[in-house]
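Trainee: Per numbering that gives the first Met the number 0, the very first residue in the sequence shown carries number 0; after that it's consecutive. The beta-carbon is built from N, C-alpha and C at its ideal position, and this holds for glycine as well. This is the structure I want to talk about, given as structure tokens.
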Amino acid sequence: MADNLLRTRELMDRHAEDALVIGYEPLIDGLTLPDAKDRHVLAAAIHAHADAIVTFNLKDFPDTVLGPLGIEAIHPDDFITYQFDLNVPRVCAAAKRIRQRLKNPPRCAEEYVDRLRIVGLPRTAERYRECLALI
């Protein structure tokens, strides 16, 4: 299990270089959020000069704290739907790659879209439903 996690981390770091944030730790203690356990996320966003934090946990990242920092909390359903507005073919191609990697269990396009709705991405699922042939 630990080997699988390490391998996953290494793959993520290799394929999403901009996603790895280091050096944010000194900022943590100076931050206040409703859940103190989330401060590291905000510290990393500040350190990385991020515009947004994409999270289902919007209540613990209030606008009153993030706004003055120039950061917004965005629900994943909103974030993905925004991506559709930028480039439908690219978003569908990414979804297809993700879906095709699912092995346990594998999912056809319809099942994949249904699962997105179940996990809290109803608008994303609806947008993908419009282009099932591409995913």
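Rounded to whole angstroms, what's the CA-CA distance from N86 to I79? Just pull it up for me.
Mentor: Against the sequence shown, residue 86 aligns to sequence position 87. Against the sequence shown, residue 79 aligns to sequence position 80. About 11 Å.
Trainee: So, with DSSP's three-state summary, where would you put I52?
Mentor: Taking the sequence shown and counting its residues from 1, the one referred to as residue 52 is at position 53. Strand at I52.
Trainee: Under 8 Å, do A72 and T54 count as touching if we go by C-beta distance?
Mentor: Counting from one through the sequence shown, the residue named residue 72 turns up at place 73. Counting from one through the sequence shown, the residue named residue 54 turns up at place 55. Contact: yes.
Trainee: For the alpha helix (DSSP H) that contains E109, what are its first and last residues?
Mentor: In the sequence shown, counting from the first residue as 1, residue 109 sits at position 110. A108 to I117 is the extent of the alpha helix (DSSP H) around E109.
Trainee: E16 by DSSP, collapsed to three states: which one?
Mentor: Residue mapping note: residue 16 aligns to position 17 of the sequence shown, counting from 1. DSSP places E16 in helix when its eight states are reduced to three.
Trainee: Going by beta carbon distance, what residues of the same chain come within less than 7 Å of D59, once the five residues before and after it are set aside?
Mentor: In the sequence shown, residue 59 corresponds to position 60, counting from 1. Excluding sequence neighbours, D59 sits near L32, P33, D34 and D37.
Trainee: Taking the runs of the beta strand (DSSP E) that are 3 residues or longer, which of them lie wholly in the region 39-99?
Mentor: Qualifying beta strand (DSSP E) stretches, in chain order: 51-53 and 71-73.
Trainee: If contacts are defined as beta-carbon pairs under 8 Å, then D76 and R122 qualify, I think. What distance do you get, rounded to the angstrom?
Mentor: Taking the sequence shown and counting its residues from 1, the one referred to as residue 76 is at position 77. Taking the sequence shown and counting its residues from 1, the one referred to as residue 122 is at position 123. The Cβ separation is near 5 Å, so the contact holds.
Trainee: Can the beta-carbon of I52 be found closer than 8 Å to that of L26?
Mentor: Along the sequence shown, read from residue 1 onward, the residue named residue 52 stands at position 53. Along the sequence shown, read from residue 1 onward, the residue named residue 26 stands at position 27. Cβ atoms of I52 and L26: not closer than 8 Å.
Trainee: For the alpha helix (DSSP H) containing Y23, name the first residue and the last one.
Mentor: By one-based count along the sequence shown, residue 23 stands at place 24. First-last for Y23: undefined, no H or E at that position.
Trainee: Please report how far the alpha carbon of A132 lies from the alpha carbon of H74, in whole angstroms.
Mentor: Your numbering for residue 132 matches position 133 in the sequence shown. Your numbering for residue 74 matches position 75 in the sequence shown. Between A132 and H74, the C-alpha separation is close to 26 Å.
Trainee: Measuring only the C-alpha atoms, how far is C107 from G29?
Mentor: Taking the sequence shown and counting its residues from 1, the one referred to as residue 107 is at position 108. Taking the sequence shown and counting its residues from 1, the one referred to as residue 29 is at position 30. Computed Cα separation, rounded: 47 Å.
Trainee: Where does L30 sit, in a helix, a strand or coil, going by DSSP?
Mentor: The count along the sequence shown starts at 1 and reaches residue 30 at position 31. Three-state result, L30: coil.
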